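If you're matching positions, the sequence shown starts at 1 in our numbering and goes up one per residue.
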Amino acid sequence: MEETPRNLRTMLAEAKDTSELMVDLAYASVYFGDPDMAEEVDGLEQRMSDLVHDMRAVCVLAARSSKEAEGMSSVLQVISAIERIANDAVDIARIVTHKLGIPQQLVA
């Protein structure tokens, strides 16, 4: 976790933007058959992993009572959903990086 505390709302917005970019790049890499775009998705995966770790740590530190812990539970579910989206984008990009390919008739 970083030395300077970050706002959870800001980190959630950054995670949302990053996962959205990952999905866009993953689909574009498949559509255009561009391995550079697919590699960029892999690069963003580490950034997303660090961000998810930091957000979870903030949630754990913020929950000081059982009522607060219940509230953080829903935030943790959102964080997990964002993480799944990012991981699925990586899986899509692997179609290009592992040269699995998609028939051109399905892409066009």
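C-beta: ideal position from N, C-alpha, C; glycine also. Owing to the predicted nature of the structure, the values given are computational and were not obtained by experimental measurement.
How many whole angstroms separate the CB atoms of M48 and S19, which I take to be in contact at a CB cut-off of 8 Å? 7 Å
Would a C-beta distance cut-off of 9 Å place E39 and T97 closer than the cut-off? yes
Beta-carbon spacing of T52, A89 below 9 Å: Here residue 52 is Val; the residue named in the question, Thr, does not match the sequence. No.
Per DSSP, what kind of secondary structure is A15 in: helix, strand or coil? Here A15 carries a helix assignment [DSSP, helix/strand/coil].
Best match in D34, A93, I85, M55 for proximity to M153 [C-alpha to C-alpha]: Because the chain here runs from 1 to 108, residue 153 falls outside it and cannot be looked at.
Neighbourhood of V75 by C-beta, 6 Å cutoff - its chain only, sequence neighbours within 5 removed: C59
I'd like to check one pair, I85 with M11: are the Cβ atoms closer than 9 Å? no
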